[in-house]
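What follows is the structure, given as structure tokens:
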């Protein structure tokens, strides 16, 4: 363990690579698998927190952590000491079996989610057994040799062994917004973190270039790990999580008030203290939706599996609900609305003529640049072929999202040249000159109007336009951004990326689901307008980046919902647009796959990326698409809404029938000389009625619940609970009156009769509440239907079985049984009628 201690304080930036390799027992070929396993055991997983995977034992124990369940355990144990132990055994058995039922459900959900997450796990490339090998970032250990390229997340604090044109974004650690150049060297021990140019830090990412680096520190020993405990950052709560939390507080208040009041009144009426206490706790168990966590987990995991079938992998389960509730999705156009196969259409000089000099310099720039591979550079390298023999690259100024251009300096036969390629407007601002028809260098000012007219014409034809400029240099020394001035503008490159054949249909399908598409692109307004006209947008409202800069945040919130296309947008404004949409009352999804999309992915209610995205984008996303296709999103939205609808069904069931039954028992207990039900009978009711509710995840969902976004509404849920709770209580009290005053049955028959009525009515009401449509029109899922019928029939037969004596249930005369079934029939009919009236007045 001494090595771990030494590494945690090691100032590795002041050591040579050879010294670090020796210290860590590694070499230029990396670690062997056996060495890596030893180090994994010694240093632990490469995580910022001691995250322990939930074991099956831990999951089982978690089923019994509810304060009410713990109190019930204590009260049952007390009953062993004070009186008949049979009741204590029965109560503990029911609680145990209920917990086992929840465990079984959640266990399947847990493993399903783990398997899905493994598909899109972020990985790092290291040298293992002398071969480049992809491993989960958690398995990276000190001594590993990392191989990194543009877009990769840096998984651990590392020392650079070798690099080529390496620039790293360290904003997450240092706050520096511009990429920092890195290279192998040895620094002073006292060098501040922001000046350690030979070091790479966990949590940052590569913007351009490539490198090989030796891992020095992992997990909490890293610089990011040292501040992680102080930050204690948690993901923002989704709207679904906020709704669940509010619902939980609401039920907690109702439960506490009811239970305390009932216990106090029963004691005041001189009923047995322990029995009254057990009765109150049993009521609390009956009122509390104990299965809500399990139901949510099962619903979400079931939804995740269904979405995986549609090529959508869910990384954060709670995002499923937001995905279904989403009413706005923001997306770039390239590869999503378009084919993503960029074709070079033309290379024109200032005068609109095809010019080989433009293509040659563009090809040199694209061939030597080392940034993240993009479709445009791939198109240039594929469609153009020039012999680069004799050309030598000596430096690069990488692309960044403020300059929007990339420069490469090369030498050829003793001549040195800087070649710049990028967004036309951003290239023009570096130029002081252009070429005349005979190749002479002239001022660019008289030609700017002609250049912009050509730019606009090409854009209106649907072409993405780049500019190419050059500058002769005196030496082959290193260059920086200051050299990008007084350049010579060569001409235009125009590219065409056709819209996808099914893009117009997909946009229409999303619109029919109540989801509007906002296109956010860095391309110019002409290209964006041309594409949108081909995708069925009628007179799209376009807001350009220059106009956006002049709008205040408050004004943007008012205007953002009206805009269809945001064109010429700077990357830092993507997040601003997303935040404005959220503040405008929308549930916002954002789809991105690039380095410049990370902040917007974090800010959106639902961050969506693709499997081929850069690591930092995939890591920031809540959902990962296995193919970059909006049609996949259509099916995903439907599955998200089905999951939300089924979760909401359980909430309605738990807050209506359960509340009504528990409220009825609490009230009638004040007027009867005996408890209307024994604590063990209440717990058995709660246990049996859980079975139909546990099949909710597989239930069918009405089209009405899928056709538009649905959101949490605690006020509406409270109204639902009161209306259907009162109806349930009315028929409960009717049952009490018939049994006690009309039929004048004994205590055991009274309890048995009300036990049967409670379970059968609660089971059947599930079939009513599960749909807004008529019970006869909306067919329930097979599992739900048979679970309901099975529990209803089992309950009627239970008093006639040998185990009835354990629960003090007795057979009922045929006339009593028929009367009770008649009450249940009238109750179900009344609930069906009330449901129609309720949904006419209350929108959910």
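Residue numbers (the numbering used here): 2 to 845.
Yeah, the Cβ is synthetic: ideal placement off N, Cα and C, and Gly gets one too.
Based on the DSSP secondary-structure assignment, which residues constitute the bridge partners of residue i?
| i | result |
| --- | --- |
| residue 127 | 134 and 147 |
| residue 566 | 520 and 543 |
| residue 434 | 444 and 489 |
| residue 313 | 626 |
| residue 645 | Residue 645 is not bridged to any residue. |
| residue 554 | Paired residue(s): none; residue 554 is not in a bridge. |
| residue 331 | 519 and 591 |
| residue 398 | 408 |
| residue 470 | 421 and 490 |
| residue 170 | 206 |
| residue 211 | 150 and 165 |
| residue 413 | 392 and 416 |
| residue 216 | 159 |
| residue 464 | 497 |
| residue 608 | 591 |
| residue 339 | 500 |
Roughly how far, in whole angstroms, is the beta-carbon of residue i from the beta-carbon of residue j, given that I think they are within contact range, below 8 angstroms?
| i | j | result |
| --- | --- | --- |
| residue 409 | residue 365 | 7 angstroms |
| residue 521 | residue 333 | 6 angstroms |
| residue 31 | residue 146 | 4 angstroms |
| residue 833 | residue 769 | 5 angstroms |
| residue 151 | residue 207 | 5 angstroms |
| residue 211 | residue 164 | 7 angstroms |
| residue 670 | residue 263 | 7 angstroms |
| residue 706 | residue 778 | That pair is no contact at about 14 angstroms. |
| residue 839 | residue 721 | 7 angstroms |
| residue 441 | residue 412 | Their Cβ separation, rounded to whole angstroms, is 24 angstroms, which puts residue 441 and residue 412 out of contact at 8 angstroms. |
| residue 615 | residue 590 | Between residue 590 and residue 615 the Cβ distance is about 19 angstroms, and since that is not below 8 angstroms, they are no contact. |
| residue 601 | residue 575 | 4 angstroms |
| residue 205 | residue 47 | Between residue 47 and residue 205 the Cβ distance is about 15 angstroms, and since that is not below 8 angstroms, they are no contact. |
| residue 793 | residue 765 | 7 angstroms |
Kindly indicate which residue of the options has the alpha-carbon position closest to the one of residue i.
| i | options | result |
| --- | --- | --- |
| residue 846 | 260, 788, 280 and 556 | Since the first residue of the chain shown is 2 and the last is 845, residue 846 is not available in this structure. |
| residue 700 | 669, 645 and 612 | 645 |
| residue 15 | 149, 61 and 193 | 193 |
| residue 168 | 202, 189 and 190 | 202 |
| residue 791 | 718, 689, 181 and 738 | 689 |
| residue 571 | 554, 617 and 550 | 550 |
| residue 372 | 412, 153 and 327 | 153 |
| residue 684 | 452, 279, 377 and 721 | 279 |
| residue 467 | 665, 476 and 455 | 455 |
| residue 540 | 418, 565 and 516 | 565 |
| residue 97 | 36, 66 and 419 | 66 |
| residue 532 | 568, 654, 798 and 548 | 568 |
| residue 217 | 22, 318 and 132 | 22 |
| residue 60 | 298, 585 and 33 | 298 |
| residue 800 | 771, 758 and 766 | 758 |
| residue 484 | 698, 419 and 526 | 419 |
| residue 209 | 189, 183, 198 and 543 | 183 |
| residue 358 | 18, 620, 491 and 300 | 491 |
| residue 517 | 815, 489, 482 and 331 | 331 |
| residue 162 | 453, 214, 156 and 452 | 214 |
| residue 534 | 350, 463 and 379 | 463 |
| residue 736 | 134, 478, 761 and 44 | 761 |
| residue 415 | 360, 36 and 476 | 476 |
| residue 1 | 595, 45, 277 and 725 | Given a span of 2 to 845 for the chain in the structure shown, any question on residue 1 remains unanswerable. |
Taking only beta-carbon positions, decide if residue i is within less than 8 angstroms of chain E.
| i | result |
| --- | --- |
| residue 675 | Checking the listed chains, one finds no chain E in this structure; it contains a single protein chain. |
- prompt: Pairing CB atoms from the stretch 467 to 474 with CB atoms from the stretch 327 to 341, are three or more of them under 8 angstroms?
  reply: No: fewer than three Cβ pairs fall under 8 angstroms.
Quiz prompt | Any 3 or more C-beta pairs closer than 8 angstroms across the stretch 399 to 415 and the stretch 433 to 443 | solution = The stretch 433 to 443 and the stretch 399 to 415 do not touch, with fewer than three beta-carbon pairs separated by less than 8 angstroms.
Q) Where in the stretch 342 to 388 do unbroken runs of the alpha helix (DSSP H), each at least 4 residues long, occur, reported from the N-terminal end onward? A) Entirely contained in the stretch 342 to 388, the alpha helix (DSSP H) runs reaching 4 residues are, in chain order, 357 to 369 and 376 to 384.
For this session: Taking only runs that begin and end inside the stretch 485 to 551, name each unbroken beta strand (DSSP E) of 3 or more residues, in chain order.
Result: The DSSP assignment places 488 to 497, 517 to 521 and 543 to 545 as complete runs of the beta strand (DSSP E) inside the stretch 485 to 551, in order along the chain (cut-off: 3 residues).
Is it true that the stretch 732 to 741 meets the stretch 821 to 836, where meeting means three or more beta-carbon pairs spaced less than 8 angstroms apart? Because the criterion of three Cβ pairs below 8 angstroms is met, the stretch 732 to 741 and the stretch 821 to 836 touch.
| Inter-stretch contact (C-beta, 8 angstroms, three-pair minimum) for the stretch 132 to 148 and the stretch 37 to 47 | Look at the beta carbons and you see the stretch 132 to 148 touching the stretch 37 to 47: at least three pairs across the two are nearer than 8 angstroms.
- request: For the stretch 488 to 499 and the stretch 346 to 362, state whether three or more C-beta atom pairs, one from each stretch, are separated by less than 8 angstroms.
  value: The stretch 488 to 499 makes contact with the stretch 346 to 362; the number of CB pairs closer than 8 angstroms reaches 3 or more.
Exercise. Say whether the stretch 663 to 682 touches the stretch 743 to 754, bearing in mind that this needs 3 or more beta-carbon pairs closer than 8 angstroms, one atom from each stretch.
Key: Yes: the two stretches touch, three or more of their Cβ pairs being nearer than 8 angstroms.
| request: Check whether the stretch 499 to 512 touches the stretch 444 to 460, counting contact only when three or more Cβ pairs, one atom from each stretch, lie closer than 8 angstroms. | output: No contact exists between the stretch 499 to 512 and the stretch 444 to 460.
Note to self: Quick check: the stretch 381 to 393 against the stretch 217 to 224, are at least 3 beta-carbon pairs closer than 8 angstroms?
What the structure shows: The answer is no - the stretch 381 to 393 does not touch the stretch 217 to 224, with fewer than three Cβ pairs under 8 angstroms.
* To do: Say whether the stretch 313 to 326 touches the stretch 625 to 633, bearing in mind that this needs 3 or more beta-carbon pairs closer than 8 angstroms, one atom from each stretch.
  => Enough Cβ pairs lie closer than 8 angstroms, so yes.
Q.
Report the start-end ranges of each beta strand (DSSP E) in the stretch 697 to 776 that is 3 residues or longer and not cut off at the edges.
A. Correct list: empty.
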